[in-house]
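In this note's numbering, the protein residues as written are 2 to 330. All C-beta atoms in this analysis are idealised placements derived from N, C-alpha and C, irrespective of residue type, glycine included. Small disclaimer: the values here were computed from a predicted structure and weren't measured. This report refers to the structure that appears directly beneath it.
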Ligand code: ATP
Ligand code: LTN
């Protein structure tokens, strides 16, 4: 079985794009792989600085991961800061990657492009070293990620190759696995942009925990176009195509075939909303139950941390022994 690792930041409420593009695949993949899934709270510290917030969001995200169907018996779900080797290996990674390589990362360039006087944590710059540590600690074969993350997997491989050349074969080289088409959910208000936690209007984002009435309202107000023909054409008709994609993703249908079933935008919006509400209903009720039982959530995360730590500590020890630090007496 291949070892698979993917992670998500507890940096805001989970939305339909996260679910259809990532979480749903994590769930379906848990039988075909030895799956590890991290809630990367250390990474979230690059964007969330108010005290108390990251912990609360971590619990909520954990409840979402179990509610969507990750099974603690089959998949290892853990919190990054519960496994101290992430931060420890990140330092070794920082000494294995160059300033120039980090400077070329598009995510860092994008997030700092605006210039201005905003505080830019150094952690935003060294973020890929921590991500490399996440991946290499688990002898990962495959990393399922969105297209935006490809560069982070490439730099992880470069770091691993350099470390292995310097100190001997310690790390396994991971591969990015980018899901097939249809995994890109667009914003309902600005259908040319992907649905994203950091996008401007709440009305364009369907949160996994939105009430059915809110979901219905957001779909009703979704931006379409001034024609009145239901046709699947991402370039010319991004709004309508996004609705068809969402409907197809929820019902297992094909967006082009589904287009033939509708003559009016209104009916398509209603159908998409109903499909999303029906898909989310069992997830929402499991989420509510889990959030009622914090002790159980803590117990499940404790099991994940134990399994993660067992693997991570062995890899970390291999790395430090290869470097040849003087062992503590
Ligand atoms: P941000 O807006 O802060 O960048 P995000 O909403 O893009 O956050 P991430 O935490 O960066 O979410 O990503 C978690 C996972 O969800 C990643 O695997 C990413 O590829 C996937 N994902 C995020 N947005 C979408 C989307 N609109 N459609 C499909 N997959 C998505
Ligand atoms: N950078 C990723 C989150 C992330 C990750 C990882 C993904 C941190 N560590 C390890 C896969 C493997 C993001 O922003 N989506």
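- Query: Exposed or buried, residue 226, counting other C-beta atoms within 10 Å across all chains shown (16 or more means buried)?
  - Reply: exposed
- Query: When DSSP labels each residue in this structure, what does residue 39 get in the three-state scheme?
  - Reply: strand
- In terms of residues, what are the limits of the beta strand (DSSP E) holding residue 107? Note, residue 107: premise wrong, no beta strand (DSSP E); alpha helix (DSSP H) at 107 to 113.
- Message: At a cut-off of 8 angstroms, would you count residue 22 as near the ligand LTN, judging by its Cβ distance to the nearest heavy atom?
- Response: no
- Message: Suppose the cutoff is 7 angstroms on Cβ atoms and the five residues either side in sequence are ignored; what does the same chain contact list for residue 16 look like?
- Response: Apart from the 5 residues on each side of it in sequence, residue 16 sits with its Cβ closer than 7 angstroms to the Cβ of 196, 198, 206, 207, 208, 209 in its chain, given in chain order.
- Query: Among residues of its own chain, excluding the 5 on either side of residue 235, which ones have a beta-carbon nearer than 7 angstroms to its beta-carbon?
  - Reply: 242
- Closer than 7 angstroms by C-beta to residue 130: which residues in its own chain qualify, once you throw out the five before and the five after it? Chain order, please. 91, 94, 95, 98
- Task: Over the uninterrupted beta strand (DSSP E) stretch that includes residue 177, give me the two end residues.
- Result: 176 to 178
- Task: Taking only heavy atoms of the ligand LTN into account, decide whether any of them is closer than 8 angstroms to the Cβ of residue 144.
- Result: For residue 144, the Cβ falls inside the 8 angstroms cut-off from some heavy atom of the ligand LTN.
- Task: Report yes if the C-beta of residue 266 is less than 8 angstroms from at least one heavy atom of the ligand LTN; otherwise report no.
- Result: no
- Rounded distance between the beta-carbons of residue 69 and residue 36, thought under 8 angstroms: Residue 36 to residue 69, Cβ: 13 angstroms. No contact.
- Query: Does the segment 37 to 45 come close enough to the segment 57 to 72 that 3 or more CB-CB pairs lie under 8 angstroms?
  - Reply: yes
- Just how far apart, CA to CA, sit residue 82 and residue 308? 14 angstroms
- Query: Which partner residues of residue 143 appear in the DSSP bridge assignment?
  - Reply: 5, 176
- Within 10 angstroms of its Cβ, does residue 113 collect 16 or more other Cβ (buried), or is it exposed? Counting Cβ neighbours within 10 Å, residue 113 comes out exposed, since fewer than 16 surround it.
- Do the CB positions of residue 306 and residue 84 come within less than 9 angstroms of each other? Going by C-beta atoms, residue 306 is nearer than 9 angstroms to residue 84.
- Message: Does the distance between the C-beta of residue 152 and the nearest non-hydrogen atom of the ligand ATP fall short of 8 angstroms?
- Response: Result no, Cβ not under 8 angstroms from the ligand ATP.
- Could you please give the first and the last residue of the uninterrupted alpha helix (DSSP H) stretch that includes residue 263? Careful: residue 263 lies outside any alpha helix (DSSP H) and carries neither H nor E.
- Query: What does residue 16 pair with, by DSSP beta-bridge criteria?
  - Reply: Its beta-bridge partners are 208.
- Smallest Cα separation from residue 316: which of 223, 151, 172, 220? 172
- Nearest CA to the CA of residue 142: which residue from 60, 128, 157? 157
- Message: Quick check on the DSSP output: the beta strand (DSSP E) that includes residue 47 runs from which residue to which?
- Response: Neither: residue 47 is in no beta strand (DSSP E) and is coded neither H nor E.
- Query: Can the beta-carbon of residue 300 be found less than 9 angstroms from the beta-carbon of residue 260?
  - Reply: no
- Query: Excluding the five sequence neighbours on either side, which residues of its own chain have a C-beta within less than 7 angstroms of the C-beta of residue 45, listed in chain order?
  - Reply: 10, 11, 12, 55
- Message: My output table needs one value for residue 221: the three-state DSSP class, helix, strand or coil.
- Response: helix
- Query: Where does residue 80 fall in DSSP's three states?
  - Reply: strand
- Looking only at its own chain, which residues have a Cβ that is under 6 angstroms from the Cβ of residue 58, when we skip the five neighbours before and after it? If we look at residue 58 and ignore the five residues flanking it on each side, its Cβ neighbours are 11.
- Task: With DSSP collapsed to three states, give me the class of residue 198.
- Result: Assignment of residue 198 by DSSP, reduced to helix, strand and coil, places it in the coil class.
- Message: Would you call the segment 311 to 330 in contact with the segment 132 to 151, where contact means no fewer than 3 C-beta pairs closer than 8 angstroms?
- Response: In short, these stretches touch, since the Cβ pair count reaches three.
- What's the gap between the Cα of residue 297 and the Cα of residue 223? 38 angstroms
- Terminal residues of the continuous alpha helix (DSSP H) containing residue 252? 239 to 252
- Using a C-beta cutoff of 9 angstroms, does residue 157 count as contacting chain D? No chain D appears in the structure shown, which is made up of a single protein chain.
- Task: Starting from the C-beta of residue 21, find all residues in its chain whose C-beta is less than 6 angstroms away, skip the five residues before and the five after it, and write them out in chain order.
- Result: 186, 250
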